[in-house]
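Peer 1: Going by this note's numbering, the first residue of the sequence shown is number 1012, and it counts up by one from there. Even glycine gets a Cβ: it sits at the ideal position worked out from N, Cα and C.
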Amino acid sequence: MKPGNTKAIEEMFNSISSKYDFLNDIFSFGLHRLWKRKLLDILNPTYGEKWIDLCCGTGDMSILLASYMKSSKNITGLDSAFQALLVARERSRKKHSSIEWIHGDAIETNLPSDYFDGLLIGYGLRNLSSPEAGLREAFRILKRGGRAGILDFRSIQDGYIQRLFQKIYLSMYVVPIASVFGLGKEYSYIKKSLVNFPPGSEQIKLALSAGFKKAEYKTLAMGQMGILLLSA
Ligand SMILES: C[S@@+](CC[C@H](N)C(=O)[O-])C[C@H]1O[C@@H](n2cnc3c(N)ncnc32)[C@H](O)[C@@H]1O
1012 MKPGNTKAIE EMFNSISSKY DFLNDIFSFG LHRLWKRKLL DILNPTYGEK WIDLCCGTGD
1072 MSILLASYMK SSKNITGLDS AFQALLVARE RSRKKHSSIE WIHGDAIETN LPSDYFDGLL
1132 IGYGLRNLSS PEAGLREAFR ILKRGGRAGI LDFRSIQDGY IQRLFQKIYL SMYVVPIASV
1192 FGLGKEYSYI KKSLVNFPPG SEQIKLALSA GFKKAEYKTL AMGQMGILLL SA
């Protein structure tokens, strides 16, 4: 599957939704929870604020956000994969039932402008047909002064060892394990999606040209992951 093909990406995420969380824990050794938590610690979402989790998938970040804010009111999760949203709704049914789950496109959300205090994207920007358009839409729906945090794999341009590690990790750990669950083809997509994913310095430029006032990029997990921190 080619990166940028919105329909094919939607179908792929629908097809992996039932095993997504389980595999995520295996692939990151559970560390994705720490990285998501770190993102929230930096952004410090506060009770009463309106937050949106774009490309929310099975709802991991939205649910973490609800626990963090000690309220699931004013939290919206949006994703284009309907099956993933069904998993999200089920996961949040008991403790975080006020989270609003929206089936939609992160590039054209049809949500009001200047509305949210905060915005998250976890491992989603890389999957959009245009990360630039995604950043423009994120800026549009945020209030001025609102903040955003975008966590994803890092597109590693420098650092031979880090690049080699990423290649080996994706080809010799992620894909073979996913293959055991019949999802090798789906997970081989991660490597392809990184080819044209802008590096941190480029993401900063895209965010500033999308309208954000401040943009900063931090690396995590020995340079394998990155977070883009934005102020609207
Ligand atoms: C790797 S998953 C990340 C899920 C979740 N945010 C997490 O951190 O575990 C990427 C998600 O992006 C969603 N996605 C891809 N393109 C999208 C788009 N144009 N609009 C909304 N969601 C999209 C996929 O359906 C998928 O659920």
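For F1164, which beta-bridge partners are listed by DSSP?
Peer 2: Counted from its first residue, the sequence shown places residue 1164 at position 153. Its beta-bridge partners are M1236.
Peer 1: Does R1137 come out as helix, strand or coil in the three-state DSSP assignment?
Peer 2: Reading the sequence shown from its first residue, position 126 is the one you call residue 1137. Under the three-state reduction of DSSP, R1137 is assigned to helix.
Peer 1: I believe L1051 touches L1076 by the beta-carbon criterion, under 8 Å. Please report the beta-carbon distance rounded to the nearest angstrom.
Peer 2: Your numbering for residue 1051 matches position 40 in the sequence shown. Your numbering for residue 1076 matches position 65 in the sequence shown. 7 Å between Cβ atoms; contact.
Peer 1: Helix, strand or coil for A1144? Go by DSSP, reduced to three states.
Peer 2: Position 133 of the sequence shown, counted from the start, is the residue given in the question as residue 1144. Three-state result, A1144: helix.
Peer 1: Could you give the residue range of the beta strand (DSSP E) that holds T1017?
Peer 2: As a working note, residue 1017 is residue 6 in the sequence shown. No beta strand (DSSP E) holds T1017; the alpha helix (DSSP H) holding it covers T1017 to I1027.
Peer 1: Please confirm whether any heavy atom of ligand 1 lies closer than 7 Å to the CB of D1036.
Peer 2: As a first step, residue 1036 must be located in the sequence shown, where it is residue number 25. For ligand 1, not one heavy atom lies less than 7 Å from the Cβ of D1036.
Peer 1: When every heavy atom of ligand 1 is checked, does at least one fall within less than 7 Å of the C-beta of N1138?
Peer 2: As a working note, residue 1138 is residue 127 in the sequence shown. Yes; taking the cut-off as 7 Å, the Cβ of N1138 has a heavy atom of ligand 1 nearer than that.
Peer 1: Mapping DSSP to helix, strand and coil, what is F1150?
Peer 2: For the purposes of this step, residue 1150 is taken as residue 139 along the sequence shown, with counting starting at 1. Here F1150 sits in helix by DSSP.
Peer 1: What's the C-alpha gap between L1181 and R1147?
Peer 2: Here residue 1181 is taken as the residue at index 170 of the sequence shown, counted from 1. Here residue 1147 is taken as the residue at index 136 of the sequence shown, counted from 1. Cα to Cα, L1181 sits roughly 30 Å from R1147.
Peer 1: Within 7 Å: the Cβ of A1092 and any heavy atom of ligand 1?
Peer 2: Counting from one through the sequence shown, the residue named residue 1092 turns up at place 81. Yes, since a heavy atom of ligand 1 falls inside the 7 Å radius drawn around the Cβ of A1092.
Peer 1: State the DSSP-derived secondary structure class of D1125, mapped to helix, strand or coil.
Peer 2: Here residue 1125 is taken as the residue at index 114 of the sequence shown, counted from 1. In this structure, D1125 counts as coil in the three-state DSSP scheme.
Peer 1: Excluding the 5 residues preceding and the 5 following G1115 in the sequence, name in chain order all residues of the same chain whose CB lies nearer than 6 Å to its CB.
Peer 2: Stepping through the sequence shown from its first residue, residue 1115 is reached at position 104. So the list reads L1089, once near-sequence residues are dropped.
Peer 1: In whole angstroms, give me the CA-to-CA distance for K1021 and A1092.
Peer 2: One-based indexing of the sequence shown puts residue 1021 at position 10. One-based indexing of the sequence shown puts residue 1092 at position 81. The question names Lys, yet the displayed sequence has Glu at residue 1021. Distance between the alpha carbons of E1021 and A1092 is about 5 Å.
Peer 1: Answer yes or no: do I1152 and T1120 have a C-beta to C-beta separation smaller than 8 Å?
Peer 2: The residue given as residue 1152 occupies position 141 in the sequence shown. The residue given as residue 1120 occupies position 109 in the sequence shown. In this structure, T1120 lies closer than 8 Å to I1152 by Cβ.
Peer 1: With a threshold of 7 Å, establish whether the CB of G1135 neighbours any heavy atom of ligand 1.
Peer 2: Against the sequence shown, residue 1135 aligns to sequence position 124. Yes, Cβ of G1135 sits closer than 7 Å to a heavy atom of ligand 1.
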